[in-house]
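Take a look at the structure below.
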Amino acid sequence: MTTQRLRDLLDERVADIDVPDLAGLAWERADGVRRRRRAVAVGVAALAMVAVAGTVAVVDQRDSIERSPSGRPTSTPPTPEPAPETPRATLAGEFRGAPFWWAPPAALDGDLPVLQVPGLPEELSMGTAPYADNPPDHVDAVFGMGKQQYLLFSDEQLVSVDLSGRLGPVADEGGNEFSPLGDGSVSPDGTRVFFRQPDGLEVWSLATNSWDSVPMSLDDVERSVWTLDGHVGLARSSGRPDPWDRGDHQWTFPVAGPDATAAELDWMAEGVSAPTANEPGQYANPEFLAAGTPDAPELLAFGDGRSKMCCVPMAWFSHDFVLFSASAPDGAYRVLAWRVGTPDLYRVSEYVDLPPRNFSASWAKNAFR
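Using the UniProt record's numbering, you'd call the opening residue of the sequence shown number 1 and step up by one each time.
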């Protein structure tokens with residue numbers, strides 16, 4: 001039997017049987033499978049695109065942080081500049097049993113912290129001040145401007161007076177002129193002022209605007225000061241500084257505070273060197289400020305940049321601050337303060353508009369207690 005004959009017989013036997021269209025069903029199933037596979041493929045592709053996009057976004061953001069333009073803030077704050085170190089005194093040892101401190105160099109006076117003292121402004125302008133026909137009844141300080149022109153400082157106000165009709169020039173035996181106004185010219189309570197003249201003192205009583213003459217020798221004129229009880233006395237210039245008897249020379253009359261005394265001294269005339277911290281500008285024979293009680297003084301020495309008689313004590317503020325005037329290398333004069341027995345120094349006030357020469361100052365000792 002041939003293959004063709006076999007197919008014909010099989011067709012005849014199944015001709016009366018209903019057979020479903022398997023081909024169509026297969027095509028439908030195949031089409032569904034294709035749609036499902038296409039959807040899955042599209043979803044996978046979409047997820048892949050999202051993942052890639054997220055990765056790109058993260059990379060771009062990180063790259064933008066790492067490559068921030070100059071000047072734009074970053075997540076790391078800049079390191080602050082270190083604060084300037086405050087100038088302080090240095091304890092170098094002892095001199096004749098007293099603690100011996102070295103003040104900072106004069107060039108650093110402007111960097112000292114500020115101490116506010118009632119009655120003293122941060123700047124004392126020596127410029128033009130209104131003239132006063134009658135003086136105030138008391139003064140905190142008197143400033144000599146040369147040619148017998150003076151400024152009176154009272155209650156934080158300055159007034160100018162011309163005393164050329166009353167006062168003349170004064171000079172030592174060698175002919176060297178000095179100011180009629182001395183460091184100790186203003187009385188402790190600020191009510192009287194004396195002026196040095198060749199044949200004695202001219203004493204001005206401010207409350208009554210009256211004058212008295214005190215005859216004395218030229219040598220005594222140069223050493224005249226007010227005593228603490230309001231009388232004119234003579235400062236000891238050598239031998240036994242008052243109230244300390246251990247020294248060799250005293251430049252200024254002592255200024256009394258509530259519990260202590262202060263004066264500018266020179267105790268180095270016997271060939272004894274002062275303790276030093278082995279720093280430039282510290283001298284073997286400096287001028288220095290002595291402050292405290294006679295039994296327990298503290299010494300503050302001054303080195304580079306100071307003029308002769310640089311640091312005259314003015315007054316006490318509170319119980320432990322002594323105020324003193326101080327010169328600097330740039331020609332500036334300031335009122336400084338030392339907390340006695342500590343390394344702490346302060347800037348209180350600064351003179352501005354100083355005359356080129358012949359400037360002098362005298363302070364009332366009780367003004368800033």
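Glycine is no exception: its CB is placed at the ideal position from the N, C-alpha and C atoms.
Query raised in the report: Do residue 184 and residue 140 come within 9 angstroms of each other at the CB atom, strictly closer than that value?
Result: The residue given as residue 140 occupies position 140 in the sequence shown. The residue given as residue 184 occupies position 184 in the sequence shown. In this structure, residue 184 does not lie closer than 9 angstroms to residue 140 by Cβ.
Query raised in the report: On the three-state DSSP scale, how would you describe residue 296?
Result: Locating residue 296 in the sequence shown gives position 296, counting from the first residue. Strand at residue 296.
Query raised in the report: At what residues does the alpha helix (DSSP H) containing residue 123 begin and finish?
Result: Position 123 of the sequence shown, counting from 1, holds the residue named residue 123. Element bounds for residue 123: not the alpha helix (DSSP H) but the beta strand (DSSP E), 123 to 125.
Requested in this report: Provide the residue(s) that pair with residue 282 in DSSP beta bridges, ordered along the chain.
Outcome: As a working note, residue 282 is residue 282 in the sequence shown. In the DSSP output, where bridge partners are listed per residue, residue 282 has none listed.
Requested in this report: Look at the alpha carbon of residue 96 and the alpha carbon of residue 138, and state the distance between them as a whole number of angstroms.
Outcome: Position 96 of the sequence shown, counted from the first residue, corresponds to residue 96. Position 138 of the sequence shown, counted from the first residue, corresponds to residue 138. Distance between the alpha carbons of residue 96 and residue 138 is about 40 angstroms.
Query raised in the report: Who are the Cβ neighbours of residue 366 in its own chain at under 6 angstroms, not counting the five residues just before and after it?
Result: Within the sequence shown, numbered from 1, the residue matching residue 366 stands at position 366. Hits under 6 angstroms: 188, 189.
Query raised in the report: By Cβ distance below 6 angstroms, which residues in the same chain neighbour residue 297 in space, the five residues on each side in sequence not counted?
Result: Reading the sequence shown from its first residue, position 297 is the one you call residue 297. Cβ neighbours of residue 297 within its own chain (closer than 6 angstroms, five residues either side excluded): 98, 290.
Query raised in the report: Just the Cα atoms here: how many angstroms apart are residue 336 and residue 206?
Result: One-based indexing of the sequence shown puts residue 336 at position 336. One-based indexing of the sequence shown puts residue 206 at position 206. Using only the alpha carbons, I get a separation of about 28 angstroms.
Report task. Using only the heavy atoms of the ligand SAH, determine whether one of them is closer than 8 angstroms to the beta carbon of residue 298. Result -> With respect to small molecules bound, the structure shown includes none, and the ligand SAH cannot be examined in it.
Requested in this report: Return the Cβ separation of residue 305 and residue 105 in integer angstroms, given the expectation that the two are a contact with Cβ distance under 8 angstroms.
Outcome: Indexing the sequence shown from 1 puts residue 305 at position 305. Indexing the sequence shown from 1 puts residue 105 at position 105. Contact holds; Cβ gap of about 6 angstroms.
Query - Cβ shell of residue 127 (< 8 angstroms), same chain only, five flanking positions each side left out - result: Sequence index remark: in the sequence shown, residue 127 carries index 127 (1-based). Excluding positions up to five away in sequence, the list reads 352, 353.
Query - CB of residue 102 within 9 angstroms of CB of residue 326, strictly - result: Counted from its first residue, the sequence shown places residue 102 at position 102. Counted from its first residue, the sequence shown places residue 326 at position 326. No, these two residues do not count as a Cβ contact at 9 angstroms.
**Report entry** Reference residue 263; option with closest CA among 280, 294, 284
**Finding:** Position 263 of the sequence shown, counting from 1, holds the residue named residue 263. Among 280, 294, 284, the Cα nearest to that of residue 263 is on 294.
**Report entry** Beta-carbon contacts of residue 212 that lie in its chain and below 6 angstroms, excluding the five residues immediately before and after
**Finding:** Taking the sequence shown and counting its residues from 1, the one referred to as residue 212 is at position 212. 203.
Query raised in the report: Are residue 346 and residue 339 closer than 9 angstroms when you measure CB to CB?
Result: What you label residue 346 is simply residue 346 of the sequence shown in a count that begins at 1. What you label residue 339 is simply residue 339 of the sequence shown in a count that begins at 1. Yes; because the gap between Cβ atoms is below 9 angstroms, this pair is in contact.
Query - Which listed residue (119, 196, 201) has its alpha carbon closest to that of residue 364 - result: Taking the first residue of the sequence shown as position 1, residue 364 is located at position 364. For residue 364, the nearest C-alpha among the options comes from 119.
Query raised in the report: For residue 157, does the count of other Cβ atoms within 10 angstroms reach 16, so buried, or fall short, so exposed?
Result: Position 157 of the sequence shown holds residue 157. Burial call: exposed.
Query - Residue(s) in a DSSP beta bridge with residue 197 - result: Reading the sequence shown from its first residue, position 197 is the one you call residue 197. Beta-bridge pairing links residue 197 to 200.
Query raised in the report: In whole angstroms, what separates the C-alpha of residue 222 from that of residue 281?
Result: What you label residue 222 is simply residue 222 of the sequence shown in a count that begins at 1. What you label residue 281 is simply residue 281 of the sequence shown in a count that begins at 1. In a straight line, the C-alpha of residue 222 is about 31 angstroms away from that of residue 281.
Report task. Have a look at residue 224 and residue 178 and give me their C-alpha separation to the nearest angstrom. Result -> Within the sequence shown, residue 224 is the residue found at index 224, counting from 1. Within the sequence shown, residue 178 is the residue found at index 178, counting from 1. Roughly 14 angstroms separates the two Cα atoms.
Query raised in the report: Is the Cβ-Cβ distance between residue 408 and residue 357 less than 9 angstroms?
Result: Nothing about residue 408 can be read from this structure; the chain reaches only from 1 to 369.
Query raised in the report: Quick one: Cα of residue 315 to Cα of residue 302, how far?
Result: Position 315 of the sequence shown holds residue 315. Position 302 of the sequence shown holds residue 302. Roughly 19 angstroms between the two C-alpha positions.
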